[in-house]
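For the record, the sequence lines run as chains D and P.
Position 307, counted from 1, in the first sequence is what our numbering calls 296; the numbers after and before it change by one each time, with no gaps.
Position 224, counted from 1, in the second sequence is what our numbering calls 333; the numbers after and before it change by one each time, with no gaps.
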Amino acid sequence: MSDASLPSPKPENTPGRTRPHWVDRFLGGWEVYRKNTIGRIGMALLVLFGLMAATSFIPQWVDPMYHPMTGVDPHISHSTGPSLRHWLGTDFIGRDIFSQLLAGARIAFMVGISSALISILFGTTIGMVAGYAGKRTDLILMRLADMIMVMPTLLVVLILSALFGQLNIWVIVLMIALFRWPGVARVIRSQTLSLRHRPFIEAARVTGASHLRIIFRHILPNVMPLALLYMTFRVTSAIIIEAALAFLGFGDPGTVSWGMMLQWVWKTGHMFQAPYWMLPPGICISLITMAFYMTGRAMDDVLDPRLREEETTP
Amino acid sequence: MGLKRFVLRRLVEIAVIFFVIMTVLFVLFRLAPGDPVSRMVDPSMTPEDARLLMESMGLDQPLWTQYLYYLKNVATGNMGISFHYGEPVIDILMNRLPNTILLFTTSIILSALLGVFLGKIAAWKRGQRTDTLMTIGALFCHTLFLPWLALMMIWFFAYRIGWFPITGMVSPDVWIDPGAGFAARTLDVLHHMALPLMTLILIHFGSYLLVMRSSMLDTLKDDYIITARAKGLDEKTIRDHHAAPNAALPVVTSVGLSLAFSINGGALTETVFTWPGIGRELVFSVSHSDYPLAQAAFLIIAIVVLVANLVVDVLYAYLDPRIRY
């Protein structure tokens, strides 16, 4: 589902001339990344969650009673512990917890990645424009960023759901993205500021390149690695905000997310009786956040040689 | 002198930002589908009361006049009557505000102190097992899902071993009893506060630890540390009196940057532990469609965030004599 909707992360590097440079850079980065223990653990966890998401359609295909949302075991009408029939037990109306957990992985990836992509798109564009244009444009955009940055995203989305009723999962994704770009924009802006007076930008300007061309053709490839790094951090915050929203009871009622599962445990008062139900979604949310965070930190090491040295010299 | 001007300038900025937030909120409340009157006037009121309230809020006037009424009402603290409590919204929230500030400030200060303390040690022992354990522990705690951690804390500390009360902020019997002195009541609040506070500290100290660690590593490379070593000062003095104070400055910045995150966490914690604060009131009002309460709670939280940001900035200027505005 989510994979089909993902735009290519680097649409600007299609011309053949720059591609080898990019591949080199990527492979070189990968070499460094592979040596990083934290990065390896993070990547392994992500692969695990990816497998969970990829296999999430299997249970309901085996037997409709394993459908995470609508499938109810006809013989069970209350929460039961783990058994052969239900590996992680059932929830309060007899739905299978394991298949809900798998479906939750899919939602987490979908929410995290799409929301991060949108906020990176906004953040990078706004950051580059602010840094490149300078003067009043810069001032206005950065003031706007400051203003949005101080607002607690979760509570803002909460207020919006009070006004507009139950929000659709894609509206939630968009809301999170709209309130999470300022941090990215700030970083990209300062990077752009340092690039703006480099000789190759001056050269492009002298040869008559338009502002748009300079921004997207010359500045973008240079800020792209940083933007990708920030994307991993945005993924974590998007997953957490969606989970918290669902936990408070304002998630999309048509989806089974891990936050939603925790809400069911909490609201039906099973938190003391059903550890088999409360532990898995919480562990999953925490671990996937950690996995993306670790990946991000390892990427940070790849991008910043200064940190790499500090890590290796004792 | 410089500081005074800086604070004044920031106060003006805060006023402008707050004005924008207020306006956006007004527009949203009018834009949202449905009838704006039903959103501000309790459906269960008598027609006479409802008419009086509508007049006081200008809901029978054109939009522009409504906006002016709205500004005047916010400025004078008249933000409507809660549907659920049937009391003026501002009274309810002013009653909750101290509870939120108590939990929020204590948790931020304690987690920053803990982060600075542990981060200092981690950086000092860089590359050793202590460092690795601390870094991984910090990363782990920092990425725990807060509501889940809160539930686990309740399950373990309040339900399984029963050290702390499960919910609330006070035990009624202590507060009804006229014989209970100030000390007994304070202890009672602290007893209730322990679990939410521990939850918040566990979630927050990790990022401060990581910031402190990397900033301390930078500081240790500075010339004046080498000078201190050359003078023959003992290691502990160098660590605690020469390196740590300077290295702690970025932690202050990081506290400022994570304020919004902390407010989110505060609201979640208050909700799970039924701590009677503004965040819980906001969540409650949203799930009960108590619009006047939701709007006011949001505005007050916005003020809290903005003021907290200012406090962090001033603190930074105070701590770092190089910063002069």
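The beta carbon of each residue, even a glycine, is placed where N, CA and C say it ideally should be.
Item	Value
According to the Cβ coordinates, are Gln180 of chain D and Val212 of chain D closer than 8 angstroms?	yes
Assuming Ala376 of chain P and Arg389 of chain P make a contact with CB atoms under 8 angstroms, what is their CB distance in whole Å?	7 angstroms
Could you please give me the residues that DSSP links to Pro197 of chain P through a beta bridge?	P:Ile190
When the Cβ atoms of the segment 248 to 265 of chain P are set against those of the segment 373 to 387 of chain P, are three or more pairs found closer than 8 angstroms?	yes
Closer than 8 angstroms, CB to CB, is Met252 of chain P near chain D or not?	Looking at the sequence shown, residue 252 of chain P is not Met but Thr. By this cut-off, Thr252 of chain P is an interface position.
Could you compute how far the alpha carbon of Leu91 of chain D sits from the alpha carbon of Leu258 of chain P?	21 angstroms
Strictly by DSSP, which residues pair up with Asp85 of chain D?	D:Thr79
Between Ile274 of chain D and the rest of its own chain, which residues show a CB-CB distance below 6 angstroms, the 5 nearest in sequence each way excluded?	Ala232, Trp247
Please list, in chain order, all residues of the same chain as Arg223 of chain D whose beta carbon is under 6 angstroms from its beta carbon, the five residues on each side excluded.	Ala105, Ser108, Arg169
Considering only their Cβ atoms, is the gap separating Ala337 of chain P from Lys229 of chain P smaller than 8 angstroms?	no
In whole angstroms, what is the alpha-carbon distance linking Leu201 of chain D and Arg178 of chain D?	16 angstroms
If we cut at 8 angstroms on Cβ distances, does Ile412 of chain P have a partner in chain D?	no
Could you please tell me which residues of the segment 67 to 95 of chain D, in chain order, have their CB closer than 9 angstroms to any CB of chain P?	none
How would you list, in chain order, the residues of chain P whose beta-carbon sits under 7 angstroms from the beta-carbon of Gly238 of chain D?	Ser396
Span of the alpha helix (DSSP H) holding Tyr282 of chain D?	264 to 292
Indicate whether at least one CB of chain P lies closer than 8 angstroms to the CB of Trp50 of chain D.	no
Kindly indicate which three-state DSSP category Val279 of chain P falls into: helix, strand or coil?	coil
Let me see if you follow: with CB-CB separation under 8 angstroms, is Ala42 of chain D close to chain P or not?	no
Compute the distance between the beta-carbons of Leu218 of chain D and Met283 of chain D, then report whether it is under 8 angstroms.	no
Thr380 of chain P versus chain D: which residues are under 7 angstroms apart at the beta carbon?	Leu237
Would you kindly work out how many angstroms separate the C-alpha atoms of Arg114 of chain P and Asp135 of chain D, rounded to a whole number?	20 angstroms
Comparing the C-beta of Val392 of chain P with each C-beta of chain D, is any distance below 8 angstroms?	yes
With respect to the alpha helix (DSSP H) encompassing Leu391 of chain P, which residues constitute its N-terminal and C-terminal limits?	387 to 396
At a Cβ threshold of 8 angstroms, is Ser108 of chain D touching chain P?	no
Ends of the alpha helix (DSSP H) at Ile165 of chain D?	158 to 185
Is the beta carbon of Pro71 of chain D closer than 8 angstroms to that of Gly78 of chain D?	yes
Considering only residues of the same chain and omitting the five flanking positions on each side of Leu212 of chain P, which have a CB-CB separation below 8 angstroms?	Met302, Pro305, Leu306, Leu309, Gly375, Thr378, Glu379, Trp384, Gly386
Cβ-heavy atom distance between Ala43 of chain D and the ligand PLP below 7 angstroms?	Ligands displayed in this structure: none; no statement on the ligand PLP is therefore possible.
Less than 7 angstroms between C-beta atoms, sequence neighbours within five positions excluded: which residues of the same chain meet that for Thr276 of chain P?	Phe382, Thr383
Since I believe Ile372 of chain P is in contact with Leu144 of chain D (beta carbons under 8 angstroms), could you give me their beta-carbon distance rounded to a whole number of angstroms?	7 angstroms
What runs of the alpha helix (DSSP H), each 4 residues or longer, lie entirely inside the segment 350 to 382 of chain P?	353 to 356, 358 to 366, 368 to 381
Give a yes or no on whether 8 angstroms exceeds the smallest Cβ distance from Tyr282 of chain D to chain P.	yes
Does any C-beta atom of chain D lie closer than 8 angstroms to the C-beta of Leu202 of chain P?	no
Give me the Cα-Cα distance between Tyr179 of chain P and Pro197 of chain P, rounded to the nearest whole angstrom.	15 angstroms
Compute the Euclidean distance between the alpha carbons of Val298 of chain P and Val279 of chain P, then round it to the nearest angstrom.	6 angstroms
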